[in-house]
Structures are given as structure tokens and as C-alpha cells.
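**Student:**
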Amino acid sequence: MSRYQPHTDADRRAMLARCGVESFAELVAAVPPALRQGPLTGPSAVAEPDLLRRYRSLARLGEVKASFVGAGLYDHYVPVAVDMLLQRGELFTAYTPYQPEASQGTLQAIFEFQTVVAELFGLEVANASMYDFASAAAEAVLMTLRLEPKRSRVLLSGALHPDAGEVICTYLKGGAATLESIPLAGGRTDLAALERQLGADVAGVVVQSPNCLGLVEPLAEIGARVHAAGARLVVSVNEPTSLGLLAPPGVCGADIAVGEGTGLGVPPSFGGPGLGLFATREANVRQMPGRLVGEARDADGRLGYVLTLSTREQHIRRDKATSNICTNHGLCALAFTIHAALLGPKGLEELATQCAQRARYLAAQLERRGVKRRFAGPYYNELVVEIGEPARAIEAGLARGLAVGFDLGRWRKEWAGGLLVAVTEQHSQACLDELVEVLAEVRR
Amino acid sequence: MTLWRSAADRIGEPPIFAKGAPGRRGAAIPALDLQAPALDLPAALLRASPPLLPEVSEPEVVRHYTRLSQLNASIDTHFYPLGSCTMKYNPRVGEKVARLPGFAGAHPLAPAALHRGVLQVMAELGEWLRRLTGLDAVTLQPAAGAHGELCGMMMIRAALADRGDPRRKVLVPDSAHGTNPATSALNGFQVVPLRTGPEGYLPLAAIEAALDRDVAAIMMTNPNTLGVFERDIRAIADKVHAAGGFVYLDGANLNALVGIANVAAMGVDVVHINLHKTFSTPHGGGGPGAGPVACVSALEPFLPRPVLVGAGNEVRLDFDRPKSIGKLRSFYGNFGMLLRAHSYLAELGVEGASRIGPDAVLAANYLRASLRDTFELAFAAPSMHEVVFTDKRQKERGVSTLDIAKRLIDYGFHPPTVYFPLIAPGALMIEPTESEPREMLDAFVAAMQAIDAETRDNPELVKGAPQRAPAKRFDEAGAARKPVLRYRR
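Chains as they are written, first to last, in the working numbering: chain A, 1165 to 1608; chain B, 4 to 492.
1) Could you list which residues in chain A have their beta carbon closer than 9 Å to that of Ile-328 (chain B), in chain order?
2) Using the Cβ count rule (16 or more neighbours within 10 Å means buried), how would you classify Ala-381 (chain B)?
3) Looking at the C-beta of Gly-1269 (chain A), does it have a partner C-beta in chain B at a distance below 8 Å?
4) Which bits of chain B does Phe-1570 (chain A) rub up against, with CB to CB less than 8 Å?
5) Residues in the segment 1524-1548 of chain A with C-beta within 7 Å of chain B's C-beta atoms, listed in sequence order?
6) Using the C-alpha atoms, what's the distance from Val-1366 (chain A) back to Pro-1313 (chain A)?
7) Check whether the segment 1258-1270 of chain A and the segment 404-421 of chain B are in contact - that is, three or more C-beta pairs closer than 8 Å.
8) I'd like to know whether the C-beta atoms of Asn-1402 (chain A) and His-1325 (chain A) end up nearer to each other than 8 Å.
9) According to DSSP, is Met-4 (chain B) part of a helix, a strand, or is it coil?
10) Quick one: measure Cβ to Cβ for Ala-1340 (chain A) and Gly-1363 (chain A), integer angstroms, because I've assumed they're closer than 8 Å.
11) For Gly-1458 (chain A) versus Thr-1472 (chain A), is the C-beta distance shorter than 8 Å?
12) At least one CB of chain B closer than 8 Å to the CB of Asn-1448 (chain A): is that the case?
13) For His-1391 (chain A), which residues in chain B fall below 7 Å Cβ to Cβ?
14) What distance in whole Å lies between the Cβ atoms of Ile-407 (chain B) and Leu-431 (chain B), which are believed to be in contact at a cut-off of 8 Å?
15) Looking at the structure shown, is Glu-379 (chain B) part of a helix, part of a strand, or coil, going by DSSP?
16) Alpha helix (DSSP H) containing Gly-270 (chain B): first to last residue?
17) Locate the beta strand (DSSP E) running through Lys-172 (chain B), then write down its first and last residues.
18) Along the segment 338-361 of chain B, what residues have a CB closer than 7 Å to any CB found in chain A?
19) How close, in whole Å, do the beta carbons of Met-157 (chain B) and Lys-1337 (chain A) come, if the pair is a contact with beta carbons under 8 Å?
20) Have a look at A:Leu-1255, A:Leu-1204, A:Gln-1272 and A:Met-1452 and flag the residue whose alpha-carbon is nearest the alpha-carbon of Ala-21 (chain B).
21) Are Leu-331 (chain B) and Val-1195 (chain A) touching if we call contact CB-CB under 8 Å?
22) Would the beta-carbon of Leu-1343 (chain A) fall within 8 Å of that of Val-1318 (chain A)?
23) Give the interface partners of Leu-128 (chain B) over in chain A, defined as CB-CB distance under 7 Å, in chain order.
24) May I ask you to report which of helix, strand or coil DSSP gives Gln-1372 (chain A)?
25) What residues in the segment 1416-1444 of chain A have a beta carbon less than 8 Å from any beta carbon of chain B?
26) So His-244 (chain B) packs on Gly-270 (chain B), CB below 8 Å; how close in whole Å?
27) Please specify which runs of the alpha helix (DSSP H), each continuous and at least 4 residues long, are wholly inside the segment 459-491 of chain B, giving them in chain order.
28) Do the CB positions of Ala-1107 (chain A) and Asn-1545 (chain A) come within less than 8 Å of each other?
29) With 8 Å set as the bound, which would you pick, yes or no: does the beta-carbon of Pro-1213 (chain A) sit closer than that to a beta-carbon of chain B?
30) Quick one: list the residues of chain B neighbouring Gly-1175 (chain A), beta-carbon separation under 7 Å, in chain order.
31) Strictly under 8 Å for the Cβ-Cβ distance: is Phe-477 (chain B) near chain A by that measure?
32) Looking only at DSSP bridge pairs, what is Leu-229 (chain B) linked to?
33) Along the chain, which unbroken stretches of the beta strand (DSSP E) at least 3 residues long are found entirely within the segment 190-235 of chain B?
34) Kindly indicate if chain A contains any beta-carbon less than 8 Å away from that of Thr-80 (chain B).
35) Using a Cβ-Cβ cut-off of less than 9 Å, give me the residues of the segment 1449-1463 of chain A that come near chain B, in sequence order.
36) Going by DSSP, what residue range makes up the alpha helix (DSSP H) through Thr-69 (chain B)?
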């Protein structure tokens, strides 16, 4: 017996008697003998103290003093109140709010999340969340194909996060659309190339900003070209705090904005669970994937919230649904909402400004020691430094308890020699100075 | 049972945006401790006006979300017999483990030397899932059950393409979850519905009639969504295999099988496993979950990349998978949920795991035996981990399944899944799981019987339910006609 399984042998006997059988075997007589499970083999039960000891020792293997690895997933400080609230059982042990009278807490929180995401993206409506930025980008591409059913080509910026690119490719293998990459100029989407590639058969263009090399894309210029060709612009944002400082995608012409919410309320957790953000213009809402919460009145006329526009979804529309998504990442969406509420507009702006300032401090200190940025373009909090042998820098960093960044050559051979370094409010001057020491030493 | 007690538990909490005052803030950011050069970003790239976010202090935020939480039913506060969702107890130790700094802070692109602990946990969970299903290989990458379905069906499509035998059709029983046909369509397959037989099983004859060389796969759920074990599943699988197709098992109902039946022996080629159901990771008000996929060795080359290889200290991620369907999501999986499932299984051990299915099946049959004189069984076939009743008898008194569901809220229970599966009109699909004590099951039976009595004595009371919940019934049609999907000041 385990502590999660309340039935005693006496309970089981009484329950079997109610069922009118002598033994449990009679209850499962419908399972043919050939399909029966033999005795399971595997580890024996471990009691909680021993279990925790083991996990602590395994977890310690991954600890560092400081990490500058971003590359699409950014670690920001999450206020204690966020996690304290998440640990309320009424929130984390509830499920999808199918019964609105008994789920108003979850429903209102999702409604607030939708508002926060729409505001951050500068768009009209957002859904209740997706799994992560990459699957959200893939769903956005499928949505552009539904919005433009006569078009079948999709262009992906060459500086889109490689995981997003690969996931889009995976999702599209079943369909008729073709994917093309837009080359880069100076680390950013090449506008001239984009113009050449656009045409009457292009349904959508996907661009990330800040892009996977840390550079802020000229979204307004891209948007104007995409719309002139009658296509839809999808903008992905992997660093949610950047939206406190940078012009939101909606203002720059995005028809759909997607992104990653990890960083606000959600820890990296080895890449999952993340939080897929998804927003669009009101006119497109019926082609949107995922769950949506809307206002409703109850029989007494009081304002509350319900799941709405469900006729887009798989449980109603089955094979005609806009997506197969069912469960999303609700608890991560709640964490994101609470963190955003705690920050407020000023706090988010201050946080974003500080990330950018600390990154510029790092860039200046590196420059003084002869370590240069690879690209001159505008950036937010992540930069590519020319390091020659990133593997050596990473090893030297680890020896001092630092994860110094991401070896760009792991993504593409032509990017070799570059180290992608992300800076957040968590990096003090001392910590940045130590990074400069390590990198300058290796560069020498 | 837990009831909402006072007027304070009613809806009417203003949105967080309507609270607070300009200038308030709930998060402190450390002061800038360095001299930074001026920001060099061109104005055109900067935000012109701040986003509409709340301006509230921490006490206001904490009270707001605490009060919202009190408007929810949850496993911790209520019996939650939502059929096919396996709402079992969520152990606290998993919450603790997932928050250990070395796990919560682990970055997937950090140097590989830092990943030994993380990968070891993942490899051990994969081994658990292999043993529990009897299948050969596992991916932990999919983020949810529907994502696992997508993964499995993509693998089948890729395997058929690889042998030069592309096929267009997928057989899906009419009792299936909506995700099955939606997943098939997303993969470009044409869905061929199969009719469940009068006893609640999928008849072998239905498969024989639909089967041809253009059938890529059959998507089955076992036990099916009626809670009935598909006794012919092996024969069905043999037929499908003989015609060159694959057998996909929707693992939504795996809780019924753990310790009872062997998935591999059923002839299943690929199955997704909802960790948030069978392995007790919290449902989170709608995710995150995790949907690992297990498969036979013939499908292994097509698993999404990267694939975990090796054991113990030698576990690594293998990206060199030329036949892989590719990545399905960023990075490697919902590690935080994998950890929780790992801790659940580690604490149970094989002894506890072997009791999951038997105790779950016993609880469902206990409810079935206790309620079958009061409510009409949808199908006569024996129940596994869930039992489906209908409102046939109550309907004669003008009371429907929806009314019964809402009335249950007044009695302090989360309603079962209703009006699903579609083949059982007025369905009430009840899944108690193994973690509810017998006293709670008895209280639920008493409530269901009391509601049935009310359908005779006072049907208006049932039709006007809920009365004691935070809200009365909503005008959902009105909400969809003119949707308001966000707050505006």
C-alpha cells in the first residue's frame, strides 16, 4: 500500500462485496488472459526522505554560480509571491474549466492572461496559451494558410530560432505548403531578399525579434513589404521582458504574434514546461487555435467568464478543428499573469531597461579588452561575441562555475566562432566583470 | 464534501486591471549597480506607450489571486470524477522536487556537463514507461496528450513514406476523443469513422469492412471512452497489421491498465501516455501536462529528435536521427512534469504502481454497482476505470444530464464529464480514480441518489442548479455571439 492509495484490504473486500463478486479477477474478466499484465519489474518504493536526498544530489549536478545562456530561453528573477500563489491547490489541482460555475478562478485568470498578452503584443486578442514558442509558431503558420487558402508558400527568417524553424517544418510535412528561408544581412532579415522572395503565392512570413542572434528586426519595414504582397506577418518574441522596452509586434504590422513566456513567472526547467503565447487581430479570431475565455452573464446577471468560441476546437469540430490542441499550459499562463501584474507597466519597463543597460555594460567592457560583437545592429539583452573557440570559453567558464553562453556553431556551421551571451537583471557588475575576465583570457 | 459557504465566495471580483492606483507596484527590481552606457536603440524600435498592465501592490495581488482560487473546484477541495481526465491526487513531493534550483534553473542549451542529473531522471522515466507498456522505445518530448497523438501519427506517416507506401485513411471509432480525428486531419489523413457495437465494443466486423490497403492506421482508445475494455483489440490489431497498417493507442485511459493489462500484448505499435492523468502530475487548471510516446522497435527510427540514448552516467541526447520526424517543440520535453511523474513512480515503486489500475477499476465498479439501480447504464458491458450512465430515466421527469451535473456542484462535487462520448446520449462519464477513500465514494453515491429523488419531488430545484456555487448558470450562447475576450479600460 502507498500513502496515495487509501484503500485498506477491508475497504477492498467491502467494495468487492458491493460489486457482487468474490475476487477482483472477476471484475476484470473482460481482459483476455493473453493480454494480462504479468508481475511488473522495476525499482521498489522509496520513502520521501531518501527520495529527496537522491533528487538533491542529481539536481546539484546542474547548478552554476551564474549562467549567460539564453538562446531562446531567458531566466529572470521570479518574485516569491508568484510561486506561493501557484502552490494553492485550488489553482494547480483544478483542470480545464469545463464547468464555469465551479471554475471561475481559473477562467478569470485566463481572461486576465489574454489581456496581458494582447497588451504586450499590441494586438487585440490572445488565446489561453500554447505549449511553447516553437509549437505556437507552427500553429501560426498553419493559421496563415487558413487565412490565405489560395497561397501555399511560407517564408521563414534565417534568424528565426532554429527550434521554431524545425518544428514548423515538422508540422507542415502533412500539408501542401512549402517553406523557404530568407537570408540575413548583418545578422538581420535581408529586406531586399525578402522583397525578391515575396509573391502572390506567399501566405505568411515568420520573423523573430529580437532574433536568434539577439538583434532587433526592422519589423515595420518588414511588415510593409509583407502586406504590400498581400501576405500575413507572424512575429515571434522569445524574450517577453523585451516587450517592456521595444515596440510591440502589433504596432509594427504583425497579423499574428507568438512567443515564449518563460522568464516571466516561469523558470527554464530544462526547457519545459514553457509557455506559448499567441495573439492576433480580432478579425482573425475564428481561425485562431487554442482555448479562449470570454465574458458572460450568469442567470442573476452577474459578470463572469466562460470558455467560448469552442466551435473552432477539436472536441466539437473533430477533424475540421483549427488545431488538435486540447490541454495548454494554464498554470504557466497564471504564473506569467501574476508576475506581469506585480511588475506593472513601470516595473516591466525598468526591468527591460536594466537588462539592456547591463548588456551594454558587458559589451563595452569586452570591447575594452578586445573582444568584439560580431554584429553592429541594434540589440536588446543578448549579443554574439567573436570568441574564436567557444568550446574553450565554455570550459574555462565551467571551471569557475559560470555557464558563459551558447556556442553558435551548434546551430549552424557558418556561425561558428560566435558565443551567444544573454544578460539579465540577475547579473551583477561583479558577475559581468568575471565573465569579461574569462572571455578576454580565452580570446588572448 | 466541500461546499462554498458564504456570499464572499460569489463571483464579482473585479479584474486585476480594475484594481490598484497609478504608481503602485508589486515587484522590486534591484538597483542598477554599474555605470552603463546610454541606450543606443533608435526611437522607431521603442515602445511608444506603456502596455495596460495592472498597477497594484503585492498585498493586492496576493489577495486577488487567493480570492480567485477560492472560486475554483479542485482535487484538493472537491471530489472531481471527471471521466477520461483521471483527476487523482497530486503528491506534494513532486512539487518540491520540481523546484530544486538545479532542476528548475537547468537550461537546455547549457554545457552538456551540467545535464547529467537531468538526463538521468529522463532516462529512468523512459525506462519506467517502457516497462509499464511493454513497448521498445520512448520519447518524452510531446507537451501534452494531443501533442503525443500528433507525434505518434507523424511517426506512422513517416514509416509508411519510408517504405514507399503512403496511405490516406485513418480509422477512428465514434467513441474517440475529438483530438483523434483532429490529429489525423492535421497529418493530412482522411478520417473513416467506425461504429461502436451495441454492447459497447468495437466489433471486428466493422474493421474488416473498412480495412483496405489505403488504411494507414487505426486509432483506438482502450478501455474506450465508455470505460469498456476492447476485448477484440488483439484480433483487430492483427487484421490491421495484415493489411499493412499500424495500431495507435490513445493512452488517455491508461490508468485502467497499469498492473492489469499489457499494452504491447494488445498489438499496439505506438501509444501516448498522459503523465498528468496516469502519473499524477497536476492538471494546473488546464496544463501543463506531458504526453510521452512509446512505440515498437519498427517505429523507433521515426521518433522525434533528439532521442535519449545510454543509461546511468552515460545518458546523452542523440540528434543524428536521419529518419526522425524532426522536432515537435523547442528543446526536449516538459521536464518539470517528467520530474513529477518520476517522483510519483519512484515513491510508489513497482508494488504501488501495480495497485494503480486495480484500485481505480474497483472504485469505478463500486460506483457502478451503487448507482445502477438509480441511473441508466449507457452500455451493459463491464466497466474498467470509469462508468458511463445516461439521463434516460431522469429525462422522463424533465431533468437532463446538464441539470444533474450542475446540481452536483451544490452538493460539493465537481461534475463528471458530460455529453461525452457522443454515442451515449446524455452521458455522465464518471472516473473516481484510485486515490479517493471509500467514504468519499459513498458520499458521492448519496448525492447522486438525493438528486435523483429531487428529480421526482422537486425537479425545478435541479433545473435551477447550481444555487450554492460562486455563480449561477451562464448564458454561454450569448457569450459566443458577441465575444469579449479581454479587459478594456
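Note that beta-carbon positions come from the ideal geometry of N, C-alpha and C, so glycine has one too.
**Tutor:** Looking at the coordinates:
1) Stepping through the second sequence from its first residue, residue 328 (chain B) is reached at position 325. Under the 9 Å cutoff, chain A gives Thr-1334 and Lys-1337.
2) Taking the first residue of the second sequence as 1, we reach residue 381 (chain B) at position 378. Here Ala-381 (chain B) is buried: its Cβ has 16 or more other Cβ atoms, across all protein chains shown, within 10 Å.
3) For the purposes of this step, residue 1269 (chain A) is identified with residue 105 of the first sequence, where counting begins at 1. Any Cβ of chain B closer than 8 Å to the Cβ of Gly-1269 (chain A) would place that residue at the interface, and such an atom is present.
4) Position 406 of the first sequence, counted from the start, is the residue given in the question as residue 1570 (chain A). Those are Leu-112, listed as they occur along chain B.
5) Listed by position along the chain: Arg-1524, Tyr-1525, Ala-1528 and Pro-1542.
6) Position 149 of the first sequence holds residue 1313 (chain A). Position 202 of the first sequence holds residue 1366 (chain A). Distance between the alpha carbons of Pro-1313 (chain A) and Val-1366 (chain A) is about 10 Å.
7) At 8 Å Cβ cutoff, the stretches touch.
8) Along the first sequence, one-based indexing puts residue 1402 (chain A) at 238. Along the first sequence, one-based indexing puts residue 1325 (chain A) at 161. Yes, the pair counts as a contact, with Cβ atoms nearer than the cut-off.
9) Taking the first residue of the second sequence as 1, we reach residue 4 (chain B) at position 1. Note that Met-4 (chain B) scores 47 on pLDDT, short of 50, meaning its location in the model is unreliable; the coordinates nonetheless yield the value given after this. In the structure shown, Met-4 (chain B) falls within a coil segment according to DSSP collapsed to helix, strand and coil.
10) On the first sequence, residue 1340 (chain A) is found 176 positions in, with the first residue counted as 1. On the first sequence, residue 1363 (chain A) is found 199 positions in, with the first residue counted as 1. Contact flag wrong, Cβ pair sits at about 16 Å.
11) One-based indexing of the first sequence puts residue 1458 (chain A) at position 294. One-based indexing of the first sequence puts residue 1472 (chain A) at position 308. Taking 8 Å as the Cβ cut-off, Gly-1458 (chain A) and Thr-1472 (chain A) qualify as a contacting pair.
12) Against the first sequence, residue 1448 (chain A) aligns to sequence position 284. No, Asn-1448 (chain A) does not count as interfacial toward chain B.
13) Start at 1 with the first residue of the first sequence, and residue 1391 (chain A) comes out as number 227. For His-1391 (chain A), none of the residues of chain B pass the 7 Å Cβ criterion, the least Cβ distance being about 18 Å.
14) Within the second sequence, numbered from 1, the residue matching residue 431 (chain B) stands at position 428. Within the second sequence, numbered from 1, the residue matching residue 407 (chain B) stands at position 404. About 7 Å; that satisfies the 8 Å criterion.
15) Counting from 1 along the second sequence, the entry for residue 379 (chain B) is found at position 376. The answer is strand: DSSP assigns Glu-379 (chain B) an E or B state.
16) Translated into positions along the second sequence, residue 270 (chain B) becomes position 267. Following the DSSP letters along the chain, one finds Gly-270 (chain B) in no alpha helix (DSSP H), marked with neither H nor E.
17) As a working note, residue 172 (chain B) is residue 169 in the second sequence. Residues 172-176.
18) Within the segment 338-361 of chain B, the qualifying residues are Phe-338, Gly-339, Met-340, Ser-346, Ala-349, Glu-350, Leu-351, Gly-352, Val-353, Glu-354, Gly-355, Ala-356, Ser-357, Arg-358 and Pro-361.
19) Taking the second sequence and counting its residues from 1, one reaches residue 157 (chain B) at position 154. Taking the first sequence and counting its residues from 1, one reaches residue 1337 (chain A) at position 173. That belief holds up - the Cβ atoms of Met-157 (chain B) and Lys-1337 (chain A) are roughly 7 Å apart, short of 8 Å.
20) Reading the second sequence from its first residue, position 18 is the one you call residue 21 (chain B). Looking at the Cα atoms, A:Gln-1272 is the closest of the given residues.
21) Numbered from its first residue, the second sequence carries residue 331 (chain B) at position 328. Numbered from its first residue, the first sequence carries residue 1195 (chain A) at position 31. In terms of Cβ geometry, Leu-331 (chain B) and Val-1195 (chain A) do not form a close pair [threshold 8 Å].
22) Locating residue 1343 (chain A) in the first sequence gives position 179, counting from the first residue. Locating residue 1318 (chain A) in the first sequence gives position 154, counting from the first residue. Yes, they are a contact pair.
23) Here the question's residue 128 (chain B) lines up with position 125 in the second sequence. Going along chain A, no residue has its Cβ under 7 Å from Leu-128 (chain B), so there is no contact; the nearest lies around 11 Å.
24) As a first step, residue 1372 (chain A) must be located in the first sequence, where it is residue number 208. Note: Gln-1372 (chain A) maps to strand in three-state DSSP.
25) Residues of the segment 1416-1444 of chain A that bring their beta carbon within less than 8 Å of a beta carbon in chain B comprise Glu-1424, Pro-1431, Pro-1432, Ser-1433, Phe-1434, Gly-1435, Gly-1436, Pro-1437 and Gly-1438, in sequence order.
26) As a working mapping, residue 244 (chain B) is identified with position 241 in the second sequence. As a working mapping, residue 270 (chain B) is identified with position 267 in the second sequence. The Cβ separation is near 7 Å, so the contact holds.
27) Residue ranges of uninterrupted alpha helix (DSSP H) with 4 or more members, entirely inside the segment 459-491 of chain B and ordered along the chain, are 462-466 and 479-484.
28) Residue numbering for chain A in the displayed model covers 1165 to 1608; residue 1107 (chain A) lies beyond these limits and cannot be assessed.
29) The residue given as residue 1213 (chain A) occupies position 49 in the first sequence. No, Pro-1213 (chain A) lies away from the interface with chain B (no Cβ there is under 8 Å from its Cβ).
30) Position 11 of the first sequence, counted from the start, is the residue given in the question as residue 1175 (chain A). The identity of residue 1175 (chain A) in the sequence shown is Asp, whereas the question assumes Gly. Under the 7 Å cutoff, chain B gives Arg-441.
31) Here residue 477 (chain B) refers to the residue found at position 474 of the second sequence. Yes, Phe-477 (chain B) counts as interfacial toward chain A.
32) Position 226 of the second sequence, counted from the first residue, corresponds to residue 229 (chain B). Looking at the DSSP assignment, Leu-229 (chain B) forms no beta bridge with any residue, so it has no partner.
33) Here the runs fully enclosed are 193-197 and 218-224.
34) In the second sequence, residue 80 (chain B) corresponds to position 77, counting from 1. Judged by the 8 Å Cβ criterion, Thr-80 (chain B) is in contact with chain A.
35) The segment 1449-1463 of chain A vs chain B, Cβ under 9 Å: Val-1449, Arg-1455, Leu-1456, Val-1457, Gly-1458, Glu-1459, Ala-1460, Arg-1461, Asp-1462 and Ala-1463.
36) Walking along the second sequence from the start, residue 69 (chain B) turns up at place 66. Where Thr-69 (chain B) is concerned, the enclosing alpha helix (DSSP H) stretches over 61-72.
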